[in-house]
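Presented below is the structure to which this report refers.
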Amino acid sequence: MTLINTNPCFHALIPAAGSGSRMGSELPKQYIDLLGRPVIRHTLDALLAVESLSRIWVVLAPDDIHWARYEWPADSRITVLRCGGATRAESVANALQEVALHADAQTWMLVHDAARACVSPRLVARMIETLADDPVGGLLAVPVADTLKRAGDDGRVAQTIPRAGMWQAQTPQMFRLAMLRDALAAHPEVTDEAGAIEACGLSPRLIASDATNFKVTFPDDLAMAARLLGSAAESTK
134 MTLINTNPCF HALIPAAGSG SRMGSELPKQ YIDLLGRPVI RHTLDALLAV
184 ESLSRIWVVL APDDIHWARY EWPADSRITV LRCGGATRAE SVANALQEVA
234 LHADAQTWML VHDAARACVS PRLVARMIET LADDPVGGLL AVPVADTLKR
284 AGDDGRVAQT IPRAGMWQAQ TPQMFRLAML RDALAAHPEV TDEAGAIEAC
334 GLSPRLIASD ATNFKVTFPD DLAMAARLLG SAAESTK
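Per our numbering, the sequence shown starts with residue 134, numbered consecutively.
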């Protein structure tokens, strides 16, 4: 199967409709302060630095009251969609229906977590270059370094999982609009986009990333993200 677009177009999609309950904050985690700005602002800034991205779609909950309280980059590539759903898959699926009204079916969609604020523009650009002619698409991921244990119902180790060949999925996850839309419609129970593509019998390509592209999930993650972003800012001075 070959679906090569000789003039590919690349869009980013940021699902940001979640509540981030594991953060233990009344404020959704995408809006929690990180170095004086909401977490999602750092994510947006990183993606805006990727020149090959021609559009960035931000997917909010219909009743989101926080977005309007902040200043955002005056960049025409940013479009806000208020069609977020109860799950990540639902938010992305709803957004793709909207995007399909404005973009070709073969447009590459890079779905990226709002809370992966430390993503490297260089890494995203390399991912786009690597996958631009791929028949399926792929995702950023890191090989699992630690020994994996499966827990039993009693909280004790039930099994050790061999880590050889195991990778931890990250984002962006990059697939063509129509392919991803159809996959999510057929498999809405998945927890990431690659899972929907896999459920359709296809094999996404793994693009090696690193541990700095982690998702801010728990309170301690904010301090780590602040250190990484602060260090990156210092290195550009």
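The beta carbon of each residue, even a glycine, is placed where N, CA and C say it ideally should be.
Burial check for residue 198: the Cβ neighbour count within 10 Å stays below 16, so the residue is exposed. Contact between the segment 302 to 310 and the segment 235 to 251 is present: 3 or more CB-CB pairs across the two stretches fall below 8 Å. Boundaries around residue 261 are those of the alpha helix (DSSP H), 254 to 264, since no beta strand (DSSP E) includes it.
Nearest Cα to residue 280 within the set 271, 290 and 294: 294. Here residue 182 carries a coil assignment [DSSP, helix/strand/coil]. Listed in chain order, the non-local C-beta contacts of residue 148 below 6 Å within the same chain comprise 192, 221, 224 and 225, local neighbours out to five positions each way being set aside.
Distance between residue 141 and residue 264, taken at the CA atoms: about 11 Å.
Scanning the segment 184 to 208 for uninterrupted beta strand (DSSP E) segments of 3 residues or longer gives 186 to 192, listed from N- to C-terminal end. Each residue's CA atom was taken as its position, placing residue 144 and residue 282 some 37 Å apart. With 16 or more other Cβ atoms inside 10 Å of its own Cβ, residue 163 counts as buried. With respect to the C-alpha of residue 206, the residue from 177, 216, 247 and 332 having the closest C-alpha is 177.
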